[in-house]
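Enquirer: Just passing along the structure, written as structure tokens.
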Amino acid sequence: MEVFGIAVELLAMFTGFGLLIGILFGFFGMGGSFLVTPALLVMGYDANVAVGSGLAFVFGTSVIATLKHRDLGQVDYKLGVLMIAGTTGGIEVGKIGLEHLQELGLAGSVVSIAYVLLLGSIGAFVTYTALKGGGGLSHDVEETDDADDIPPIARTIQSYNVPPMISIRGGFTVSLWMVLGVAFATGLLSGFLGVGGGFIRMPALFYLVGVPVPVAVGTDLFEIVFSGGIGSFLYAQSGAVDLSIVAPLLAGSALGARIGAGATSLVNEDDIKVYFGVMLLLGAIAVAVRQVGGYLGIEVFDVVSLVIILGAALLVSGAVLVTSIRELRAETPAADTTIVD
Amino acid sequence: MFGIYTLGGDAQAAVLIGIVLLEAIVLYVGYGLLESALARRVIDLVRGL
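One line per chain: the protein sequences are G and Y, in this order.
Under our numbering, the first sequence has 98 at position 98, and the numbering climbs by one with no breaks.
Under our numbering, the second sequence has 348 at position 7, and the numbering climbs by one with no breaks.
Below, the structure is given as structure tokens:
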């Protein structure tokens, strides 16, 4: 049986996969191309179609998630525009570095190693702070008036009073140059690694600038609307965006993103942060496994890599759902102010 | 799908991105209405009330 010329089984599979990704995307503000593109590659799609369709999917999902976070008051547009400006410059410089490596024939292995190291170190850091019980991650936008809620590095960066200073949602000010510097650095990595960069920017906004987690997520999504839109347009020009992949993925992820964004109002991130860190670590392992498989010429390593990525996504989205349900059951009915807004 | 692949480069890209954007907005509004209509029941169901 087919709908719009697409097998129903394929539609159901992409919709279910989209739901899983949407929960992660809505909750953490990351997890789009990082999950979709490798899955499409292992399914046998051409690399340009996998990347182009992945970007188009990320574009659609980020539009939906940004609208939802805007409704919750969790998007700082001024910060978002500044981040776009800084990141764009960083991406250009990163691309130049990558092209130079390509001329030397070192791009593939250097990028993979950098990807594994970066993903692994961020994952290890997040997991460590979660297990240590520190970091002060909170989903309450207004709670950061308490200096203890701001990471030490962010407090140091905020202490540099290099004018002009800008106010950021959450009730603090930071130097414009610090924001542009962080944006440029994350853009540099994003351009060098050829990824959307949500997994870099979201932690950077929190740990380096001190932006409250929900605002960091909402603002990061706002930025991804632009980067995803431009990226997918460029790939669509050469016919590398497949709507039969994007449309069902988006249908599932739209529902998942709504659940994930709603869960941010229910779940204290301290309860989930360790899973997020473990997901990043598993992502690093998955990339390493695929790289080793490619080096040794063993194709089954691609499947192992995909299983690790999907398993990690399933684990974390499941943790978000289970914790949300527990919180709902623990609340008294009169205290309900959650996802029905 | 929908015959858009017969269009040339820029036009095809613009239509494709437009469709994705339109689908995203329709899904956002549609699921929003669904949430307004059913969220209370789902929450009560989860709570076991």
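Glycine is no exception: its CB is placed at the ideal position from the N, C-alpha and C atoms.
Owing to the predicted nature of the structure, the values given are computational and were not obtained by experimental measurement.
Let's see if you can read the secondary structure: which residues bound the alpha helix (DSSP H) around T87 of chain G?
Expert: Within the first sequence, numbered from 1, the residue matching residue 87 of chain G stands at position 87. T87 of chain G -> alpha helix (DSSP H) spans Y77 to L104.
Enquirer: Who are I166 of chain G's beta bridge partners in DSSP?
Expert: In the first sequence, residue 166 of chain G corresponds to position 166, counting from 1. DSSP output for I166 of chain G lists G:V174 as bridge partner(s).
Enquirer: Against S232 of chain G, what residues of chain Y qualify as contacts under a CB-to-CB distance less than 9 Å, listed in chain order?
Expert: Taking the first sequence and counting its residues from 1, one reaches residue 232 of chain G at position 232. Within 9 Å Cβ-Cβ: A354, L357, I358 and V361.
Enquirer: Where does R258 of chain G land, buried or exposed, given buried means 16+ other C-beta within 10 angstroms?
Expert: Locating residue 258 of chain G in the first sequence gives position 258, where the first residue counts as 1. Answer is buried; the Cβ neighbour count reaches 16.
Enquirer: Would L368 of chain Y count as contacting chain G if we go by Cβ distances under 9 Å?
Expert: Here the question's residue 368 of chain Y lines up with position 27 in the second sequence. Closer than 9 Å: yes.
Enquirer: Could you work out which residues of chain G lie near A365 of chain Y, taking near to mean beta carbons separated by less than 9 Å?
Expert: What you label residue 365 of chain Y is simply residue 24 of the second sequence in a count that begins at 1. Correct list: F59, G60, T61, S62, V63, I64, L67, L250 and A254.
Enquirer: Taking the Cβ atom as the reference point for each residue, do D220 of chain G and L208 of chain G lie within a distance shorter than 9 Å?
Expert: Position 220 of the first sequence holds residue 220 of chain G. Position 208 of the first sequence holds residue 208 of chain G. No.
Enquirer: Does the beta-carbon of D385 of chain Y have 16 or more other beta-carbons within 10 angstroms, so that it is buried, or is it exposed?
Expert: For the purposes of this step, residue 385 of chain Y is taken as the residue at position 44 of the second sequence. Looking at its Cβ environment, which holds fewer than 16 other Cβ atoms inside 10 Å, D385 of chain Y is exposed.
Enquirer: Would you kindly check if the distance between the Cβ of L19 of chain G and the Cβ of G256 of chain G is under 9 Å?
Expert: For this step, residue 256 of chain G is matched to residue 256 along the first sequence. For this step, residue 19 of chain G is matched to residue 19 along the first sequence. Cβ atoms of G256 of chain G and L19 of chain G: closer than 9 Å.
Enquirer: Between G:L243, G:K68, G:D46 and G:L35, which has its C-alpha nearest G26 of chain G's C-alpha?
Expert: For the purposes of this step, residue 26 of chain G is taken as residue 26 along the first sequence, with counting starting at 1. Taking only the C-alpha atoms, the option nearest G26 of chain G is G:K68.
Enquirer: Could you spell out the range, first to last residue, of the alpha helix (DSSP H) harbouring M279 of chain G?
Expert: If you number the first sequence from 1, residue 279 of chain G lands on position 279. Taken as a continuous stretch (DSSP letters only), the alpha helix (DSSP H) holding M279 of chain G covers K273 to L296.
Enquirer: If you run the structure through DSSP and keep just helix, strand and coil, what is K68 of chain G?
Expert: Reading the first sequence from its first residue, position 68 is the one you call residue 68 of chain G. Helix, per DSSP.
Enquirer: For chain Y, check one thing: does any of its Cβ atoms lie closer than 9 Å to the Cβ of V289 of chain G?
Expert: Start at 1 with the first residue of the first sequence, and residue 289 of chain G comes out as number 289. So, not an interface residue.
Enquirer: Near P164 of chain G, what residues of its chain come up, given a Cβ to Cβ distance below 6 Å and the 5 sequence neighbours on each side ignored?
Expert: By 1-based counting over the first sequence, the position of residue 164 of chain G is 164. Taken in chain order, the residues that qualify are L176.
Enquirer: Cβ closer than 9 Å: which chain Y residues qualify as neighbours of A286 of chain G?
Expert: Start at 1 with the first residue of the first sequence, and residue 286 of chain G comes out as number 286. In chain order: nothing, as chain Y lies at least about 27 Å away.
Enquirer: Mind reading off the beta-carbon distance from G60 of chain G to V246 of chain G? Whole number of angstroms is fine, and I expect it under 8 Å.
Expert: Here residue 60 of chain G is taken as the residue at index 60 of the first sequence, counted from 1. Here residue 246 of chain G is taken as the residue at index 246 of the first sequence, counted from 1. G60 of chain G to V246 of chain G, Cβ: 7 Å. Contact.
Enquirer: Out of G:F301, G:G262, G:F17 and G:A284, which has the shortest C-alpha to C-alpha gap to E380 of chain Y?
Expert: Stepping through the second sequence from its first residue, residue 380 of chain Y is reached at position 39. Residue identity differs from the one stated: residue 380 of chain Y is Ala in this sequence, not Glu. Checked all of G:F301, G:G262, G:F17 and G:A284; the closest Cα to A380 of chain Y is G:G262.
Enquirer: Can you look up S112 of chain G in the DSSP assignment and give me helix, strand or coil?
Expert: Along the first sequence, one-based indexing puts residue 112 of chain G at 112. Three-state result, S112 of chain G: helix.
Enquirer: Could you give the DSSP three-state label for N268 of chain G: helix, strand or coil?
Expert: Translated into positions along the first sequence, residue 268 of chain G becomes position 268. Looking at N268 of chain G - three-state DSSP - the assignment turns out to be coil, as it is neither helix nor strand.
Enquirer: In chain Y, which residues lie less than 7 Å from Q237 of chain G when you measure between Cβ atoms?
Expert: In the first sequence, residue 237 of chain G corresponds to position 237, counting from 1. Within chain Y, the residues near Q237 of chain G are G350, D351 and A354.
Enquirer: For V300 of chain G, which residues of its own chain have a beta-carbon under 8 Å away from its beta-carbon, when the five flanking residues on both sides are left out?
Expert: In the first sequence, residue 300 of chain G corresponds to position 300, counting from 1. The residues are G293.
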